[in-house]
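A.B. asks: Before we start, here is the structure in question, set down as structure tokens.
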Amino acid sequence: MSYSVFIDGVAGTTGLEIADRLATRQEFDLVRLPDDQRKDANARCEAINDSDFVILCLPDEAAKQAVSLVENDRTRVIDASSAHRTAAGWVYGFAEFRDGQREDIASARFVSNPGCYPTGFLGLVAPLIARGLLPADWPYAVNAVSGYSGGGKALIERFEQEADIGFRSYGLTLEHKHMPEMKRHAGLTHDVIFAPSVVRAYRGMIVEVPLNLAAMGGDAKASDLLDALKHHYEGSAIVRAYEGNGMSELLLNENDVATDRLDLFVFANESGDQVRLIAKLDNLGKGAAGSTVQDLNTMAGLDETLGLRL
Numbered sequence: 123m124s125y126s127v128f129i130d131g132v133a134g135t136t137g138l139e140i141a142d143r144l145a146t147r148q149e150f151d152l153v154r155l156p157d158d159q160r161k162d163a164n165a166r167c168e169a170i171n172d173s174d175f176v177i178l179c180l181p182d183e184a185a186k187q188a189v190s191l192v193e194n195d196r197t198r199v200i201d202a203s204s205a206h207r208t209a210a211g212w213v214y215g216f217a218e219f220r221d222g223q224r225e226d227i228a229s230a231r232f233v234s235n236p237g238c239y240p241t242g243f244l245g246l247v248a249p250l251i252a253r254g255l256l257p258a259d260w261p262y263a264v265n266a267v268s269g270y271s272g273g274g275k276a277l278i279e280r281f282e283q284e285a286d287i288g289f290r291s292y293g294l295t296l297e298h299k300h301m302p303e304m305k306r307h308a309g310l311t312h313d314v315i316f317a318p319s320v321v322r323a324y325r326g327m328i329v330e331v332p333l334n335l336a337a338m339g340g341d342a343k344a345s346d347l348l349d350a351l352k353h354h355y356e357g358s359a360i361v362r363a364y365e366g367n368g369m370s371e372l373l374l375n376e377n378d379v380a381t382d383r384l385d386l387f388v389f390a391n392e393s394g395d396q397v398r399l400i401a402k403l404d405n406l407g408k409g410a411a412g413s414t415v416q417d418l419n420t421m422a423g424l425d426e427t428l429g430l431r432l
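Residue numbers for the sequence shown follow this note's numbering, beginning at 123 and rising by one.
The structure is reproduced here in structure tokens:
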């Protein structure tokens, strides 16, 4: 059996990555519109309602408008934008971060794919908060750096044209569309202090959460956090947790190959009470296209790793 899949926004960075992962899959038939009809509302509406699955790779408002075009009770939707990540009636499409999430995705009609930065943050802290090893009412800070492809065509063009840019810090108003997503799905009391940046690498991402465990007032040490993460992700082919001690650096290279993995590291001082939790992932992989394909596999009742780059 094969399922029809329409990618609305296939010409964008994420849409192209998803289409590439699905191009040779026998389980899915891609529905394609001629270039002159990609923005035609009638053509899009017909494609949406004729498809088993619709994947939205659109700006937020366009994604909301696309959902309004669904006129049946059969088509299932995966939204890769940030429009529905905290919306009622939508299942959060991060299978591994919480017990039971994979089963919720499998049965869902509407799935909102996680943001790239929140994937790193939630992958690190959500299981630890759920197990009581980290407090939900702590004012967490998130320091993150991404490849410039995460900014879409405009930022890609800027980095390609302005050769002197090496590092770009942004979100300096202390507001960012990923912040509600991190707070909601980690179950936090406070907004995170989020410090995102972009470097001269096309793809790749490092997300860091520094922790002073001694100041938190609990009994957890770095070894407890590592053990909990290893246990939570045990058996996963996509997410793995590693002890960082003995490593001297983590690198993003300008031309890293595509991957759909999420690697988590726990670095600590000798006493284990000062910790740097670090996630390394591909912002276009597990941070976007890879996790979308993973969700699609799960919703279709297939092995979730099919078509992924692991």
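Cβ coordinates follow ideal geometry from the N, Cα and C atoms, glycine included. As the structure is a computational prediction, the values presented were derived from the model and not from experiment.
1) With burial defined as no fewer than 16 other Cβ atoms inside 10 Å of the residue's Cβ, what is the status of Asp-382: buried or exposed?
2) Taking 8 angstroms as the threshold (C-beta atoms), are Ala-308 and Ile-251 in contact?
3) Can you look up Lys-275 in the DSSP assignment and give me helix, strand or coil?
4) Taking one C-beta from the stretch 194-211 and one from the stretch 229-240 each time, how about it: are there three or more such pairs within less than 8 angstroms?
5) Would you report the Cα separation of Val-361 and Tyr-324, rounded to the nearest angstrom?
6) For Ser-203, does the three-state DSSP call read helix, strand or coil?
7) How far does the alpha helix (DSSP H) with Asp-259 in it reach, from first residue to last?
8) I believe Leu-443 touches Ile-170 by the beta-carbon criterion, under 8 angstroms. Please report the beta-carbon distance rounded to the nearest angstrom.
9) When you compare only the Cα positions, how much space is there between Gly-340 and Arg-224?
10) Looking at Gly-326: is its Cβ nearer than 8 angstroms to the Cβ of Asp-404?
11) Helix or strand or just coil, what does DSSP make of Ala-317?
12) Can you tell me which of the three DSSP states Ala-323 falls into?
13) With three or more C-beta pairs closer than 8 angstroms as the rule, is the stretch 146-159 touching the stretch 199-212?
14) Who are the Cβ neighbours of Gly-222 in its own chain at under 6 angstroms, not counting the five residues just before and after it?
15) Nearest by alpha-carbon distance to Ala-344: which of Thr-414, Ala-359, Ile-328, Glu-365 is it?
16) Give me the residue from Leu-296, Gly-215, Asn-419 with the minimum Cα distance to Gln-148.
17) So, under 8 angstroms CB-CB, Ala-141 and Val-153 are touching, yes? Tell me the CB distance rounded to an integer number of Å.
18) State the start and end residues of the unbroken alpha helix (DSSP H) segment that holds Ile-251.
19) What would DSSP say about Pro-302, mapped onto helix, strand or coil?
20) When we look at the beta-carbon of Ile-177 and count the other beta-carbons within 10 Å, is it buried (16 or more) or exposed?
21) Using DSSP with H/G/I as helix, E/B as strand and the rest coil, what is Lys-343?
22) Please state whether DSSP places Leu-418 in a helix, a strand or coil.
23) Leaving out five residues on either side along the sequence, give the residues of the same chain with a beta carbon under 7 angstroms from the beta carbon of Arg-290.
24) May I have the straight-line CA-CA distance separating Ile-200 from Leu-372, to the nearest angstrom?
C.D. replies: Result, derived from the coordinates:
1) buried
2) yes
3) helix
4) yes
5) 22 angstroms
6) coil
7) Unbroken run through Asp-259: none, as it is neither H nor E.
8) Within the shown structure, residues of the chain are numbered from 123 to 432, placing residue 443 beyond reach of any answer.
9) 30 angstroms
10) yes
11) strand
12) coil
13) no
14) none
15) Glu-365
16) Asn-419
17) About 11 angstroms; that fails the 8 angstroms criterion.
18) 238-252
19) helix
20) buried
21) coil
22) helix
23) Ser-319, Val-320
24) 32 angstroms
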